[in-house]
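This report concerns only the one structure given below.
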Amino acid sequence: GSITLNGETIVLPTVEAAIDAGLAYVPEDRKVHGLNLLDNIRGTVVSAKLDKIVHGGLLNFQEEFAAAEHYRKSLRIRSQSVNDGVTQLSGGNQQKVVLGKWLFTDAQVLLLDEPTRGIDVGAKYEIYELINTLVAQGLAVLLISSELPELLGMCDRIYTVCEGRITGNLPREQADQETLMRLMTTTSSAA
Numbered sequence: 108g109s110i111t112l113n114g115e116t117i118v119l120p121t122v123e124a125a126i127d128a129g130l131a132y133v134p135e136d137r138k139v140h141g142l143n144l145l146d147n148i149r150g151t152v153v154s155a156k157l158d159k160i161v162h163g164g165l166l167n168f169q170e171e172f173a174a175a176e177h178y179r180k181s182l183r184i185r186s187q188s189v190n191d192g193v194t195q196l197s198g199g200n201q202q203k204v205v206l207g208k209w210l211f212t213d214a215q216v217l218l219l220d221e222p223t224r225g226i227d228v229g230a231k232y233e234i235y236e237l238i239n240t241l242v243a244q245g246l247a248v249l250l251i252s253s254e255l256p257e258l259l260g261m262c263d264r265i266y267t268v269c270e271g272r273i274t275g276n277l278p279r280e281q282a283d284q285e286t287l288m289r290l291m292t293t294t295s296s297a298a
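When you read off a place in the sequence shown, starting at 1, and then add 107, the result is the number in the numbering used here.
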């Protein structure tokens with residue numbers, strides 16, 4: 108396939124190229140693919156786009172701290188300080204740190220893969236609020252989820268996939284759990 112962003116086809120040979128093009132991906136398993144469990148909040152938030160705070164080959168610690176503190180406050184990450192290790196945080200707060208890391212890259216498109224997996228109900232609500240705020244600010248969000256209520260509550264348009272093929276493409280108003288389940292278990296395209 109191909110990827111078109113802002114009317115231009117883009118080629119992404121590396122992760123760095125994807126980040127530079129404005130794409131960000133929050134993985135399904137934050138502990139394996141989203142966080143460095145040996146790091147703190149401060150180091151994690153800036154890790155995907157260090158060139159924003161490295162000048163003349165030196166990391167600007169004040170800018171690193173300011174960026175991390177900004178996301179700690181704006182995302183309501185519950186911690187004593189940005190120096191706290193990410194392993195000290197709850198699952199929901201770890202997920203917010205991962206989101207902060209990708210927001211720091213100034214992404215235009217945010218791909219969220221199971222963004223509320225393994226977090227409590229209160230943290231889920233906060234993540235949903237954050238997603239809605241980001242969309243209202245003009246960020247494109249692609250939400251990948253196996254939770255049908257989450258898709259129905261958060262998405263404007265829902266694509267279903269079965270065995271690697273798109274089997275449905277529905278606006279939220281035409282989607283319900285029964286239709287989505289049928290489309291997710293059929294291999295012929297219905298859209």
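Where is the CB? At the ideal position from N, CA and C, for every residue including glycine.
Check                                                                                                                                                               : Outcome
Tell me whether Met288 is buried or exposed, calling it buried when 16 or more other Cβ atoms sit within 10 Å of its Cβ.                                            : exposed
For Arg147, I'd like the list of residues in its chain whose CB is within less than 8 Å of its CB, leaving aside the five on either flank, ordered along the chain. : Correcting the residue type first, residue 147 is Asn in the shown sequence and not Arg. Taken in chain order, the residues that qualify are Val189, Asn190, Asp191, Gly192, Val193.
Secondary structure at Asp220, three-state DSSP: helix, strand or coil?                                                                                             : strand
For Cys262, tell me which candidate among Cys269, Arg272, Leu277 has the shortest Cα-Cα distance.                                                                   : Leu277
With a 10 Å radius around its C-beta and 16 neighbouring C-beta atoms as the bar for buried, classify Gln244 as buried or exposed.                                  : exposed
Between Glu115 and Ile265, what straight-line distance do the alpha-carbon atoms span, to the nearest angstrom?                                                     : 24 Å
In angstroms with no decimal places, state the Cα-to-Cα distance between Gly271 and Lys208.                                                                         : 29 Å
So what does Arg264 bridge to, in DSSP terms?                                                                                                                       : Pro278
Quick one: what's got a C-beta closer than 6 Å to Thr200's C-beta in the same chain, skipping five residues either side?                                            : Before going on, a small fix: residue 200 reads as Asn here, not Thr. Excluding sequence neighbours, Asn200 sits near Ile184, Arg185.
Among residues of its own chain, excluding the 5 on either side of Ala230, which ones have a beta-carbon nearer than 6 Å to its beta-carbon?                        : Gly199
I'd like the list of long-range same chain contacts for Ile160, defined as Cβ closer than 8 Å, with 5 residues on each side in sequence excluded.                   : Val153, Leu166, Asn167, Glu170, Glu171, Ala174
With distances taken Cα to Cα, identify the nearest neighbour of Arg279 among Val268, Met291, Leu255.                                                               : Leu255
Can you list, in chain order, the residues of its chain whose CB lies under 6 Å from that of Thr294, leaving out five sequence neighbours each side?                : Cys269, Glu270
Between which two residues does the alpha helix (DSSP H) containing Ile234 stretch?                                                                                 : 228-243
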